[in-house]
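First to last, the protein sequences are chains A and B. Reminder that position 29 of the first sequence reads as 142 in our numbering, one-by-one numbering, no gaps. Reminder that position 127 of the second sequence reads as 392 in our numbering, one-by-one numbering, no gaps. For every residue, glycine included, the Cβ atom is placed at its ideal position computed from N, Cα and C. A short worksheet on the structure shown next.
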Amino acid sequence: MLHNIDYSELPRVLQRLIERDQPAPATLPRRSFLKLAGASGLALGAFPHVALSQPVGAAASALKPTQLPSAFVQIAGNGEVTVTINRLEFGQGVNTGLPMILAEELDADWSLVRSRHGTNDMAYADPLFGIHLTGGSHTIKNSFTQYRELGARARAMLLNAAAMRWKVDVATLRTQAGTVLGPGGRKAGYGELAEAAMALPVPEAVTLKNPKDFRIIGRPTQRLDAQAKTSGKQDFGIDMRLPGQLTAVVARPPVFCGRLASVDDSAARAVKGVKAVLRVALDGGAEGVAVVADGYWQATQGRDALKLEWDTSKVEKVDSERQLAQYRELADQPGPRKMEADMAPLATAPRRIEAEFVFPYLAHAAMEPLNCTVRLSDDRAEIWMGSQCAGLDAGAAAKALGLKPEQVVVNVQMAGGGFGRRFSSTSDVAVEACMIARAARAAGLNAPIRTVWSREDDMKGGFYRPMHLHRARIGFDDKGKVLAWDHVIVGQSITTGTVFGAFQVKDGIDATATEGMREPYPLPMRLTVHHPKLNVPVLWWRSVGSTHTAFVMETLLDEIARATRQDPVAYRMQLFGDKHPRHRAALQLAVDKSGYGKTKLAPGRAWGVAVHESFDSVVAYVVEASVKDGQPVLHKVTSGVHCNLAVNPRSVEAQVQGAAVMGLSMCLPGSAITLKDGVVEQSNFGDYTVARITDAPEFAVHIVPSADPPTGMGEPGLPPLAPAFANAIAQLTGKPLRQLPFNLA
Amino acid sequence: MIALTINGREHAVDADPATPILWALRDTLGMTGTKFGCGAALCGACTVHLDGEAIRSCSTPISEAVGKAITTIEAVTSGTDRVGAAVHAAWVKHDVAQCGYCQSGQIMSATAFLKSLPRGKQPSPAEIDEAMTGNICRCGTYARIRAAVADASRALV
């Protein structure tokens, strides 16, 4: 799936193209985009690939494609700096954060910095994992040093160009916000030097700034897309408009893996604007019918006119009620162990808690429905989509289309949210769009085709956060010391059977199902895990395992504290001891800023506390909540955040607010995907609840100051919200909440 | 052909009269600032103004817009609309957008709301929430939306 790239091919092609100054040949090696970038870059003054100025052999130097400025920074004659991001921007702010990091070391004029998306080129792979990856809150963490070095290399090349132009020692030069300054008042803007700089070798070793000299990193900075996203000017994947483009929608089986028994498309073909009706293979062995039309509306009219009969006789039909009963039976069975501990003290412990937790399937429900645009020719596929995994999607598309990996380019598009759904382990969205484009082409429709999922398609289409059952038996003493904790998790594995299984599944246990269990608390825990196999497609969902493990851990610890009459903050602090300074600092900051334990709350309100580390960042919440008309209400959230150095504090604040709201959504009535006889019962925002502004609390986000290398913040704000809220409600009702969404009955 | 007035300009649209305004805008006219979110008037991403009133363009056919004025995000934030300009400026100042996909609709709802108030009236926090509750933001930008609407209303005094 993750194809190998022959980088040695690139320099030759680039060299040839530049020398001959001719348009691209019909068949290009996969990295030909760089030629395109280079071609426009010549005019713009782009930094070249190292190969342009060095013999082919030298190009294979120590520097990898992820380390060469050519693919990441372009400087126009007017000094405008365009930074290419190696990730998908879908709200988390990396199209501002990454340029900030690069611009810091480039010493750019921030007012002239822009950003753009990349492609499936290997230059844009995650520098540590070697695959294209927007997930796991990895962007800032894994690309911090990478983008600093890219900026520093580009700056060194500009300095060298200035030194050559002025015939002075480069040591006599310095830079200031997009300008090189030299002896005798010499001065040149980056835009003037870019073209000469691009002909120079790329330095391997560069000296990075002392963090105390940062003037961009760490400063609360407005998003680079703030204007475009508030004026209708920002294009998303769904806004693709290629010449001659048609739009497809797909009639999908009512149950997962269903196939067609019969198709009567006569009425559909008669709908004005419908160009083709195509039977297509769908993900998971399913079949569907694609209706291709001038536009989305005509396509859906055509789809509505289809008369289809489905064959679902041979497929499993999951039913949520039955599934829960099965999960309960499974929880009683022996299974593989993630953690071991002596359970003998359970029998003699002075105090005990037995608890069962149920978490439903959850849809990502990003605001931009899934979509993918494909343009095919005989030997090439161009794809435009908001992809969290451009390389994986390109590889899957190539396989589906019978093309070589280098014949497929994925142009990453701005996405309207994603939360994991655009990181499909089967590349279902991309492959489906490719199959439709191929079928259309075979039917004589030689047009780019944009496949659009309706909201209902998107919500019923699977790839949910898996349903989970947790069971805990905890024995503890009168001081709250846990003597034994026997824990069972039942839920589908996200990664088994996918390319990620090799990294995530060990001894039959998927690490994405258990992350967030026990740590950082020193607890004698035995953890058994069952992964039932069902045909409901499941996937990561913002903060993945911590969406359920944090709830279980943080509500149970609170319950132990309550049972032994201890303050829940003091109880946690005592468990952290001196081993977890970041947890302590985050929680203490939230406590201090909230007035917890000092301020008298309004009548009917209670405090709730939770703290959780996910993806190497720690978030603590202190919340105020009440119960109104039998429903929990969240009033105020004060957070303490430890993400080491906050590259853009304004973005960290936004991510915490947003993740908390998504965490709140999990608590609200109707926030569940359920199945009846194989059919997903929810279809749109009318029957699948997501938080609205009237649900949202007041926020205060506080960041623990730190100069350590940054950790990610796209997800860590989510996990502790629901347990903090639940703990506050439990204070009021005296009854713990053990399922999401909340049920006070 | 159906004659539509969009942002003060006449357009002859060759489409079925039942076509929702949203798809006439997006697919027929190429005006993609107005977004498709749910197709069922549940999320507000497609909000436009019809004779000044906020409507869900995904569920309003173009036949209902004949003889009326459709106004979209492109016009409301072009600088010529006093209230729209204040809302736009507040949205930028507060850095409201994350993914940004719902924000056209949010701005259209906020603008119609502020235009509906008597000049100089400052909406209460509860009134702002009530006015904006039809617009979903899955990124959860609600805290900044509240601040931006309040800011825009102050700027309009």
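**Prompt:** Looking at the C-beta of B:GLU392, does it have a partner C-beta in chain A at a distance below 9 Å?
**Reply:** Within the second sequence, the letter at position 127 stands for residue 392 of chain B. Not one chain A Cβ lies under 9 Å of B:GLU392.
**Request:** Kindly provide the ranges of any alpha helix (DSSP H) runs that are 4 or more residues long and lie completely inside the segment 496-532 of chain A, ordered along the chain.
**Result:** Correct list: 503-514.
**Message:** Measuring CB atoms only, is the segment 401-411 of chain B touching the segment 771-781 of chain A, in the sense that at least three cross pairs come out at less than 8 Å?
**Reply:** Three or more Cβ pairs closer than 8 Å define a contact, and the segment 401-411 of chain B meets that threshold against the segment 771-781 of chain A.
**Request:** Output yes or no for whether 9 Å exceeds the beta carbon distance between B:LYS300 and B:SER343.
**Result:** As a working note, residue 300 of chain B is residue 35 in the second sequence. As a working note, residue 343 of chain B is residue 78 in the second sequence. It is not a contact, given that the beta carbons lie outside the stated cut-off.
**Message:** Quick check on A:ALA274 - is its C-beta less than 9 Å from some C-beta in chain B?
**Reply:** For the purposes of this step, residue 274 of chain A is taken as the residue at position 161 of the first sequence. Taking Cβ atoms only, chain B never reaches closer than 9 Å to A:ALA274, which makes this a no.
**Request:** Could you tell me if B:MET266 is buried or exposed, where buried requires 16 or more neighbouring beta carbons within 10 angstroms of its beta carbon?
**Result:** Translated into the one-based positions of the second sequence, residue 266 of chain B becomes position 1. By the 10 Å Cβ count, B:MET266 comes out exposed.
**Message:** I need the DSSP call for A:TYR860, collapsed to helix, strand or coil.
**Reply:** For residue 860 of chain A there is no data in the structure shown, the boundaries of chain A being 114 and 858.
**Request:** Return the chain-ordered ranges of every alpha helix (DSSP H) run that is complete within the segment 615-697 of chain A and spans a minimum of 4 residues.
**Result:** Here the runs fully enclosed are 624-627, 659-676, 681-689.
**Asked** Any chance the segment 506-516 of chain A sits against the segment 537-546 of chain A, with 3 or more Cβ pairs inside 8 Å?
**Response** Contact holds: three or more Cβ-Cβ distances are below 8 Å.
**Prompt:** With distances taken from CA atoms, which of A:VAL431, A:ALA394, A:ASP378 is nearest A:ALA412?
**Reply:** The residue you call residue 412 of chain A lines up with position 299 of the first sequence. Across the set A:VAL431, A:ALA394, A:ASP378, the C-alpha of A:ASP378 shows the shortest separation from the C-alpha of A:ALA412.
**Asked** Considering only residues of the same chain and omitting the five flanking positions on each side of A:LEU845, which have a CB-CB separation below 6 Å?
**Response** Within the first sequence, numbered from 1, the residue matching residue 845 of chain A stands at position 732. Only residues of its own chain outside the window of five on either side were considered, and among them ALA719, VAL740 have a CB closer than 6 Å to the CB of A:LEU845, listed in chain order.
**Request:** Kindly list, in the order they appear in chain B, the residues whose Cβ is closer than 8 Å to that of A:TYR409.
**Result:** As a working note, residue 409 of chain A is residue 296 in the first sequence. Residues of chain B whose Cβ lies closer than 8 Å to the Cβ of A:TYR409 are, in chain order, TRP288, ARG291, ASP292, PHE301.
**Partner residues on chain A for B:LEU307, Cβ-Cβ distance less than 7 Å** = Here residue 307 of chain B corresponds to residue number 42 of the second sequence, with the count starting at 1. Result: ASN797, PHE798, GLY799.
**Item:** Whether A:GLY386 touches A:PRO561 by CB criterion (9 Å)
**Value:** The residue labelled residue 386 of chain A in the question sits at position 273 within the first sequence. The residue labelled residue 561 of chain A in the question sits at position 448 within the first sequence. In this structure, A:GLY386 keeps its C-beta atom at 9 Å or more from the C-beta atom of A:PRO561.
**Message:** At the level of alpha carbons, what is the spacing between B:PRO326 and B:GLU275?
**Reply:** Within the second sequence, numbered from 1, the residue matching residue 326 of chain B stands at position 61. Within the second sequence, numbered from 1, the residue matching residue 275 of chain B stands at position 10. Straight across, the Cα-Cα distance linking B:PRO326 with B:GLU275 is about 17 Å.
**Message:** Here's a check: name, in chain order, each residue in its chain whose Cβ is nearer than 8 Å to the Cβ of A:ALA139, leaving out the five neighbours to either side.
**Reply:** One-based indexing of the first sequence puts residue 139 of chain A at position 26. Legend: pLDDT at A:ALA139 = 29, less than 50; position of this residue unreliable, no value from coordinates given.
**Message:** Quick test of your reading: A:HIS251 and A:ASP239, contact by CB under 8 Å. State the CB separation rounded to the nearest angstrom.
**Reply:** Within the first sequence, the letter at position 138 stands for residue 251 of chain A. Within the first sequence, the letter at position 126 stands for residue 239 of chain A. With 8 Å as the limit, A:HIS251 and A:ASP239 qualify as a contact, their Cβ atoms being about 6 Å apart.
**Asked** So which residues on chain B does A:SER567 lean against when the C-beta distance must stay under 8 Å?
**Response** As a first step, residue 567 of chain A is located in the first sequence; it is residue number 454 there, counting from the start. Residues of chain B passing the Cβ test: GLY304.
**Request:** Please determine if the segment 723-735 of chain A and the segment 786-795 of chain A are in contact, where contact requires at least 3 C-beta pairs separated by less than 8 Å.
**Result:** The segment 723-735 of chain A, when compared against the segment 786-795 of chain A, does not touch it at the 8 Å Cβ threshold.
**Asked** Given that a residue counts as buried once 16 or more other Cβ atoms are within 10 Å of its Cβ, and exposed if not, what is A:SER256?
**Response** Here residue 256 of chain A refers to the residue found at position 143 when the first sequence is read from its first residue. So A:SER256 counts as buried.
**Message:** Using CA atoms only, rank isn't needed, just tell me which of A:LEU483, A:GLU667, A:CYS547 is closest to A:ARG631.
**Reply:** Position 518 of the first sequence, counted from the first residue, corresponds to residue 631 of chain A. Ranking A:LEU483, A:GLU667, A:CYS547 by CA distance to the CA of A:ARG631 puts A:GLU667 first.
**Asked** Excluding five sequence neighbours on each side, which residues of the same chain lie with their C-beta closer than 7 Å to the C-beta of A:GLY827?
**Response** For the purposes of this step, residue 827 of chain A is taken as residue 714 along the first sequence, with counting starting at 1. Excluding positions up to five away in sequence, the list reads GLN205, SER250, GLN768.
**Asked** Count the other CB atoms within 10 Å of the CB of A:VAL163; is the residue buried (16 or more) or exposed (fewer)?
**Response** Here the question's residue 163 of chain A lines up with position 50 in the first sequence. Low local confidence applies: a pLDDT of 31 at A:VAL163 is under 50, so the model's placement there is unreliable, with the coordinate-based value given in what follows. Counting the other Cβ atoms within 10 Å of the Cβ of A:VAL163 gives 16 or more, which makes it buried.
**Asked** Below 8 Å, can you find three or more Cβ-Cβ pairs linking the segment 547-562 of chain A to the segment 594-601 of chain A?
**Response** Because the criterion of three Cβ pairs below 8 Å is not met, the segment 547-562 of chain A and the segment 594-601 of chain A do not touch.
**Prompt:** Is there a Cβ from chain B that is less than 9 Å from the Cβ of A:GLN259?
**Reply:** Position 146 of the first sequence, counted from the first residue, corresponds to residue 259 of chain A. Not flagged as an interface residue toward chain B: A:GLN259, since no C-beta distance is shorter than 9 Å.
**9 Å Cβ cutoff, A:ILE786 in contact with chain B** = As a working note, residue 786 of chain A is residue 673 in the first sequence. With 9 Å as the cut-off, A:ILE786 does not count as an interface residue toward chain B.
**Request:** Can you say whether A:LYS646 is buried or exposed, counting buried as having 16 or more other CB atoms within 10 angstroms of its CB?
**Result:** The residue you call residue 646 of chain A lines up with position 533 of the first sequence. A:LYS646 is exposed by the Cβ-count criterion.
**Cβ contact check for the segment 356-371 of chain B and the segment 333-350 of chain A: 3 or more pairs under 8 Å** = Segments in contact, yes.
**Asked** B:ALA417 by DSSP, collapsed to three states: which one?
**Response** Along the second sequence, one-based indexing puts residue 417 of chain B at 152. In this structure, B:ALA417 counts as helix in the three-state DSSP scheme.
**Prompt:** Could one say the Cβ of A:ILE198 lies closer than 9 Å to chain B's Cβ atoms, at least one of them?
**Reply:** To locate residue 198 of chain A, count along the first sequence from 1; it is residue 85. At least 9 Å separates the CB of A:ILE198 from every CB of chain B.
**Request:** Name, please, each residue of chain B whose Cβ falls closer than 7 Å to the Cβ of A:ALA479.
**Result:** Counting from one through the first sequence, the residue named residue 479 of chain A turns up at place 366. When 7 Å is used as the limit between beta carbons, A:ALA479 is near these residues of chain B: ARG403, in chain order.
**Message:** Report the CB separation of A:ARG568 from A:PRO633 in whole angstroms; it is logged as a contact under 8 Å.
**Reply:** Taking the first residue of the first sequence as position 1, residue 568 of chain A is located at position 455. Taking the first residue of the first sequence as position 1, residue 633 of chain A is located at position 520. Between the beta-carbon of A:ARG568 and that of A:PRO633 there is about 40 Å, and that puts the pair past the 8 Å contact cut.
**Request:** Return helix, strand or coil for A:LYS874, following the three-state DSSP convention.
**Result:** The requested residue 874 of chain A is not part of the displayed model; chain A covers only 114 to 858.
**Prompt:** Using 9 Å as the limit for Cβ to Cβ distance, is A:ALA777 near chain B?
**Reply:** As a first step, residue 777 of chain A must be located in the first sequence, where it is residue number 664. This sequence places Leu at residue 777 of chain A; Ala is not what is there. Answer yes: the Cβ-Cβ gap between A:LEU777 and chain B drops below 9 Å somewhere.
**Request:** Given a cut-off of 9 Å, decide if A:VAL428 and A:HIS230 are closer than it, judged by their beta-carbon atoms.
**Result:** Locating residue 230 of chain A in the first sequence gives position 117, counting from the first residue. Locating residue 428 of chain A in the first sequence gives position 315, counting from the first residue. Not in contact: A:HIS230 and A:VAL428 (Cβ atoms no closer than 9 Å).
**Message:** On the criterion of 16 or more Cβ atoms from any shown chain inside 10 Å, does A:GLN187 qualify as buried, or is it exposed?
**Reply:** For the purposes of this step, residue 187 of chain A is identified with residue 74 of the first sequence, where counting begins at 1. It is buried - the Cβ of A:GLN187 has at least 16 other Cβ atoms within 10 Å.
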